[in-house]
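I have placed the structure first, in the form of structure tokens, so that the comments after it can refer back to it.
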Amino acid sequence: MENWGCMHFASGYLLVSKKTALHRKQRIVRLIGHEIGHSWFGDLVTISSFKYLWLKEGFVRYLEYVFTNHLFPEWDYWRHFLQEIYFGAMEADTPGSSHPVEFIAQFARDIHDSFDLISYGKGACVVRMICSFIGFDKLWASLSSLMFNFKFKHIKTEDFWEVLSKESNMDIANLMVG
Numbered sequence: 651m652e653n654w655g656c657m658h659f660a661s662g663y664l665l666v667s668k669k670t671a672l673h674r675k676q677r678i679v680r681l682i683g684h685e686i687g688h689s690w691f692g693d694l695v696t697i698s699s700f701k702y703l704w705l706k707e708g709f710v711r712y713l714e715y716v717f718t719n720h721l722f723p724e725w726d727y728w729r730h731f732l733q734e735i736y737f738g739a740m741e742a743d744t745p746g747s748s749h750p751v752e753f754i755a756q757f758a759r760d761i762h763d764s765f766d767l768i769s770y771g772k773g774a775c776v777v778r779m780i781c782s783f784i785g786f787d788k789l790w791a792s793l794s795s796l797m798f799n800f801k802f803k804h805i806k807t808e809d810f811w812e813v814l815s816k817e818s819n820m821d822i823a824n825l826m827v828g
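Those letters in the sequence shown? Residues 651 to 828, by the numbering used here.
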């Protein structure tokens, strides 16, 4: 769990030994990466409403994999992204059981229910798609700009598209809104 300036974990989530399975170590690294990601998306910059939950949780889910792959490139962790995130999001995004990545909750329970594979997984897939389109360096420059210009403020998806457009010199806003 992250809070402004402080992350705390149950010891069972972090303690490892020589006998700890690799998949458990990988999950721990992802968890730490997730909470570090929330120090940016969620704490420094937050979403203006739950309509934009995908922006916070999808980005943080994507950053888990950036973080893990950066620290442990030998794990070839992007392969896990396809297996765990992409295919999970595709399965969850089936007619009759899905919702748009961005939607307005009608009831309080809708907010709770929106913390799901669509907001996290499909949101992360959207971020990865954008990264593939504009390149990691431009995505990272966009994130830096977003964090600097919106620190201690709230954002909407449109703000993100505008920053991406500016930093990439591409009309991402028009591309994504259509």
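The beta-carbon is built from N, C-alpha and C at its ideal position, and this holds for glycine as well.
Quiz item: In angstroms, rounded to a whole number, what distance separates the CA positions of Ala823 and Glu724?
Solution: The residue you call residue 823 lines up with position 173 of the sequence shown. The residue you call residue 724 lines up with position 74 of the sequence shown. Approximately 36 Å between the Cα atoms of the pair.
Quiz item: DSSP on Asn799, reduced to helix/strand/coil?
Solution: By one-based count along the sequence shown, residue 799 stands at place 149. Three-state result, Asn799: helix.
Exercise. Please confirm whether Val776 and Ser792 have their CB atoms less than 8 Å apart.
Key: Taking the first residue of the sequence shown as position 1, residue 776 is located at position 126. Taking the first residue of the sequence shown as position 1, residue 792 is located at position 142. Contact: no.
Exercise. Note the first and the last residue of the continuous alpha helix (DSSP H) segment covering Thr670.
Key: Within the sequence shown, numbered from 1, the residue matching residue 670 stands at position 20. Per DSSP, Thr670 lies in no alpha helix (DSSP H) segment and is marked neither H nor E.
Exercise. State the Cα-Cα distance for the pair Tyr712 and Ala774, rounded to the nearest angstrom.
Key: Along the sequence shown, read from residue 1 onward, the residue named residue 712 stands at position 62. Along the sequence shown, read from residue 1 onward, the residue named residue 774 stands at position 124. Taking the straight line from one Cα to the other gives about 5 Å.
Self-check item: Ile761 - DSSP class collapsed to helix/strand/coil
Solution: Along the sequence shown, read from residue 1 onward, the residue named residue 761 stands at position 111. In the three-state scheme derived from DSSP, where H, G and I count as helix and E and B as strand, Ile761 is classed as helix.
Self-check item: Sub-8 Å separation of Tyr770 and Glu707 beta-carbons
Solution: Numbered from its first residue, the sequence shown carries residue 770 at position 120. Numbered from its first residue, the sequence shown carries residue 707 at position 57. Taking C-beta atoms as the reference points, Tyr770 and Glu707 count as a pair closer than 8 Å.
Practice problem: Sort out for me which residues DSSP pairs Cys781 with in a bridge. | Solution: Within the sequence shown, numbered from 1, the residue matching residue 781 stands at position 131. DSSP, once it has assigned bridges, lists no residue as partnering Cys781.
Quiz item: Can you give the beta carbon distance from Ser764 to Ala758, rounded, assuming they're within the 8 Å contact cut?
Solution: Position 114 of the sequence shown, counted from the start, is the residue given in the question as residue 764. Position 108 of the sequence shown, counted from the start, is the residue given in the question as residue 758. 11 Å between Cβ atoms; not a contact.
Quiz prompt | Secondary structure of Ile805, DSSP reduced to three states | solution = What you label residue 805 is simply residue 155 of the sequence shown in a count that begins at 1. Annotated three-state conformation of Ile805 is strand, per DSSP.
Quiz item: Helix or strand or just coil, what does DSSP make of Asn819?
Solution: Numbered from its first residue, the sequence shown carries residue 819 at position 169. Note: Asn819 maps to coil in three-state DSSP.
Practice problem: Assign Leu825 to buried or exposed, taking buried as 16 or more other Cβ atoms, counted over all protein chains shown, within 10 Å of its Cβ. | Solution: Your numbering for residue 825 matches position 175 in the sequence shown. Taking a 10 Å sphere around the C-beta of Leu825, we find fewer than 16 other C-beta atoms and assign the residue as exposed.
Quiz item: What's the gap between the Cα of His658 and the Cα of Asp693?
Solution: Numbered from 1 along the sequence shown, position 8 holds the residue referred to as residue 658. Numbered from 1 along the sequence shown, position 43 holds the residue referred to as residue 693. The straight-line gap separating the alpha-carbon atoms of His658 and Asp693 is approximately 15 Å.
Quiz item: Is the Cβ-Cβ distance between Phe691 and Phe709 less than 8 Å?
Solution: The residue labelled residue 691 in the question sits at position 41 within the sequence shown. The residue labelled residue 709 in the question sits at position 59 within the sequence shown. Result yes, Cβ atoms of Phe691 and Phe709 sit closer than 8 Å.
Self-check item: Option in Ile697, Asn653 and Trp728 with minimal Cα separation from His804
Solution: The residue labelled residue 804 in the question sits at position 154 within the sequence shown. Closest by alpha carbon: Ile697.
Practice problem: Identify whether Ile697 lies in helix, strand or coil by the three-state DSSP scheme. | Solution: Here residue 697 refers to the residue found at position 47 when the sequence shown is read from its first residue. Note: Ile697 maps to strand in three-state DSSP.
Quiz prompt | Which listed residue (Phe737, Tyr715 and Met797) has its alpha carbon closest to that of Tyr727 | solution = Locating residue 727 in the sequence shown gives position 77, counting from the first residue. Of the candidates Phe737, Tyr715 and Met797, Tyr715 places its Cα closest to the Cα of Tyr727.
Quiz item: Hey, Asp809 and Phe800 are a contact pair by Cβ (cut 8 Å); roughly how many whole angstroms apart?
Solution: Position 159 of the sequence shown holds residue 809. Position 150 of the sequence shown holds residue 800. Yes, Asp809 and Phe800 are in contact; Cβ-Cβ is about 7 Å, under 8 Å.
Exercise. Give me the Cα-Cα distance between Arg674 and Ala742, rounded to the nearest whole angstrom.
Key: Taking the first residue of the sequence shown as 1, we reach residue 674 at position 24. Taking the first residue of the sequence shown as 1, we reach residue 742 at position 92. Spanning the alpha carbons of Arg674 and Ala742 requires a straight line of approximately 24 Å.
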